[in-house]
Structures are given as structure tokens and as C-alpha cells.
Amino acid sequence: MTDFTDKQIERYSRHILLQDIGAEGQEKICNGKVLVVGAGGLGSPVLLYLAAAGVGTLGVIDGDTVDLSNLQRQVIHFTPDTGKPKVISAKEKINRLNPDVNVIACHERLTAGNALDIIKDYDFIVDGTDNFPVKFLINDACVLAGKPFSHGGILRFEGQTLTHLPGTACYRCLFHSPPPPDAAPSCSQSGVLGAVAGMLGTIQAAEVLKFLTGTGELLTNRLLTFNAKTMHFQTITLKKNPNCPVCGAHPTITELTATDGRTACTVGLKSCIPSECA
Ligand SMILES: [Zn+2]
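So the sequence shown is numbered by this note's numbering: it starts at 209 and just counts up by one.
Given below as C-alpha cells:
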């Protein structure tokens with residue numbers, strides 16, 4: 209067993225008290241490596257709860273800077289952070305919350321060119337993005353690399369999430385390909401209730417902690433949806449689709465291709481914040 213310090217035993221005591229987690233589970237959390245893609249509405253609660261829980265290595269990748277319009281839901285960023293790279297703002301809060309956590313901050317976008325190289329170092333990936341091409345990119349990269357991940361999406365008053373482990377239904381089993389750009393509403397066009405981001409992000413954080421500790425039943429082969437207006441939660445059973453273009457019997461997607469019309473970025477980690485990308 210890890211030799212927890214007295215302070216760590218105190219910090220993590222409410223986990224250690226849980227029969228299903230205990231000191232052994234807390235040790236697994238402290239040894240966990242989790243990548244959160246997007247330090248926005250979903251990434252904020254995911255990062256805060258995983259940092260509080262003591263996840264050993266937290267990677268965060270996001271190419272944006274903090275904007276005043278983000279603060280209504282992206283609770284890891286504060287008013288004085290406006291204009292700062294989101295990954296730096298997030299890293300500062302995580303370090304203040306829990307100095308045990310090693311934060312790897314990448315101020316760049318996840319692309320077809322860098323995705324496999326970035327995710328390879330992590331045990332679990334969290335999709336906290338707000339656009340369809342990157343959601344499909346995360347799915348394809350994780351399926352190809354055999355990495356577990358949590359998909360999350362929010363819009364207006366609604367949220368949806370599923371967890372993928374190798375061999376279970378993936379996001380493309382459900383949604384074959386991204387909708388045309390003009391057909392898919394985004395939060396910036398349609399709005400989102402701030403607290404909905406917190407509701408979905410904390411579900412994703414709970415899935416990560418369950419995965420790391422081997423506790424309970426993950427949202428695999430299930431899609432959880434909710435509507436905060438009615439507080440109606442629903443779980444839809446999913447099946448792995450034999451015709452899925454990435455995880456099916458005869459996949460047509462066998463490598464990542466640029467998803468945004470630009471040439472795939474091949475600079476790897478070069479544009480990360482110096483010394484912060486391992
Ligand atoms: Zn699939």
C-alpha cells in the first residue's frame with residue numbers, strides 16, 4: 209500500500225471510509241492518469257472533482273483563452289482570468305486545490321495529427337469539448353488506441369453521456385458521423401443553462417473515479433440523458449454496432465484524418481506550454 213502521509217489520510221478520509229474504495233482505491237486514484245479534452249463547461253467540474261479526489265496526473269488540453277462569456281458555467285475560471293489561456297487558469301486552480309496533482313497543460317487543440325501521441329500516456333480520456341468534429345476525433349482516437357473514454361454533450365437544458373471501454377459500444381455506433389456544420393446547433397448559438405454543465409461534468413468525473421477504482425457499473429453500452437427542465441433522467445441501452453465505421457467488423461476508419469478542413473497538425477507536443485508537456 210502507498211504510504212499516505214497523515215495529511216493525505218485526512219484529505220482523502222471520506223474516500224478511505226467508503227467500503228468500495230478504501231485506502232486501496234485511493235491509491236489507485238493517486239496513481240491514475242486522466243486527460244481532459246477541453247477546460248470549459250464540462251472540463252471545469254471534471255478537473256475540479258478529479259483534482260480534489262487526488263488523481264495523480266491530470267492532463268488538460270485546450271487552445272482557447274478565458275472569455276467573459278465563459279464564466280457563466282466554466283467554474284474553474286474566475287473574472288481576473290479573462291484573456292488567460294484556459295489551461296493555465298485551470299492549472300493554477302488545480303494546484304491550489306490539491307498540490308499532490310501533477311498537471312500537464314497543453315495550450316493547443318486536439319487534432320488528427322497530435323491526438324494519438326497525446327492520449328497514449330493516459331489511462332482514461334474525458335471528452336469535455338463542445339463541437340462534433342472533435343467529439344468524433346476523440347472517439348476514433350480512443351477506439352484505435354484501445355483507450356477508455358467518457359463522452360459528454362450538453363445543449364440548452366439537456367445533457368447526454370456514455371462511457372466507452374474497449375469492446376463496448378462507441379460514439380460512432382450511435383451517431384455514425386458528424387452532422388453538417390449548419391445543421392448542428394452549438395452552445396454559442398443556442399445557449400446552455402450553466403448548471404447543466406456541472407450536472408453532466410460531475411457524472412463524467414464519477415465515471416472516471418469508478419473506472420480508476422474498479423467500483424460499480426460504468427455507463428458502458430448505455431447512454432444517459434437528462435433534461436434539467438423536467439429533471440427527467442433516462443438510460444438507453446446501446447449495442448455495439450457491427451457496421452460501425454470505426455469499431456465494427458469491417459471498419460472503414462483505420463487512421464485519423466483532419467476533421468476541420470485544415471491539414472492535420474503534425475507538430476506533436478511542440479506547441480505546448482514549455483516544460484509543461486511531458
Ligand atoms: Zn463503434
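Built from N, CA and C at the ideal position, the CB exists for glycine as well.
Neighbouring residues (CB closer than 7 Å to any heavy atom of ligand 1) = The filter returns V351, A377, C378, R380, C381, K448, N449, C452, V454, C455 and G456, in chain order.
request  = Measure how close the beta-carbons of A260 and N306 come, nearest whole angstrom, since I'm counting them as under 8 Å.
outcome  = In this structure A260 is in contact with N306, their Cβ atoms being roughly 6 Å apart against a cut-off of 8 Å.
message = At 3 residues or longer, what runs of the beta strand (DSSP E) sit wholly inside the stretch 272 to 360?
response = Restricted to the stretch 272 to 360, the beta strand (DSSP E) segments that are unbroken, complete and at least 3 residues in length are 310 to 314 and 332 to 335, listed in chain order.
Given 8 Å, three or more beta-carbon pairs between the stretch 354 to 365 and the stretch 265 to 279 = no
ask   = Is E415 buried or exposed, if buried means 16 or more other CB atoms sit within 10 Å of its CB?
value = Buried, by the Cβ-count rule.
inquiry  = Between K292, V311, F340 and F332, which has its C-alpha nearest P388's C-alpha?
reply    = F340
inquiry  = In whole angstroms, give me the CA-to-CA distance for K355 and L464.
reply    = 15 Å
query = Hey, out of G409, Q280 and N303, whose CA is closest to G246's CA?
reply = G409
query = Which one or two residues does DSSP pair with H440 in a beta bridge?
reply = N435
key: K215 burial status per 10 Å Cβ neighbour count (16 or more: buried)   = Its Cβ having fewer than 16 others within 10 Å, K215 is exposed.
DSSP state of G406 mapped onto helix, strand, coil = helix
message = If the criterion is Cβ atoms closer than 8 Å, does the pair V244 and V311 meet it?
response = no
query = Using DSSP with H/G/I as helix, E/B as strand and the rest coil, what is E415?
reply = Here E415 sits in helix by DSSP.
query = Can you tell me whether DSSP reads L255 as helix, strand or coil?
reply = helix
request  = Please check the pair R380 and V454, which I expect to be a contact at CB under 8 Å, by giving their CB distance rounded to whole angstroms.
outcome  = 5 Å
request  = Measuring alpha carbon to alpha carbon, tell me which of R281, L250, S277 and N278 ends up nearest V268.
outcome  = L250
ask   = Out of curiosity, what's the CA-to-CA distance linking T376 and P288?
value = 43 Å
request  = Would you decide whether G367 is buried or exposed? Buried here means 16 or more other CB atoms lie within 10 Å of its CB.
outcome  = buried
query = Can you tell me whether DSSP reads K448 as helix, strand or coil?
reply = coil
request  = Sort out for me which residues DSSP pairs G267 with in a bridge.
outcome  = G267 pairs with L243 and I312.
task = Go to L370, then tell me how far its beta strand (DSSP E) extends in each direction, as first and last residue.
result = E366 to H372
task = Note down the Cα distance separating C314 from K343, rounded to an integer number of angstroms.
result = 18 Å
message = On a Cα-Cα basis, can you pick out the residue from V242, A323 and D338 that is closest to G149?
response = Examination of residue 149 is not possible in this model, given that the chain is present from 209 through 486 alone.
task = Measure the alpha-carbon distance for S394 versus I217 and round it to whole angstroms.
result = Going by the C-alpha atoms only, they are around 43 Å apart.
message = DSSP three-state label for L464, please.
response = coil
message = If I measure Cβ to Cβ from L373 and keep anything under 6 Å in the same chain, skipping five residues before and after, which residues do I get?
response = P356 and T428
request  = Report all residues from its chain with a CB closer than 8 Å to the CB of G392; omit the five preceding and five following residues, and keep chain order.
outcome  = Note on identity: in this sequence residue 392 is Ala, with Gly being the wrong assignment. Non-local C-beta neighbours of A392 in its own chain, meaning closer than 8 Å and more than five positions away in sequence, comprise F340 and P386, ordered along the chain.
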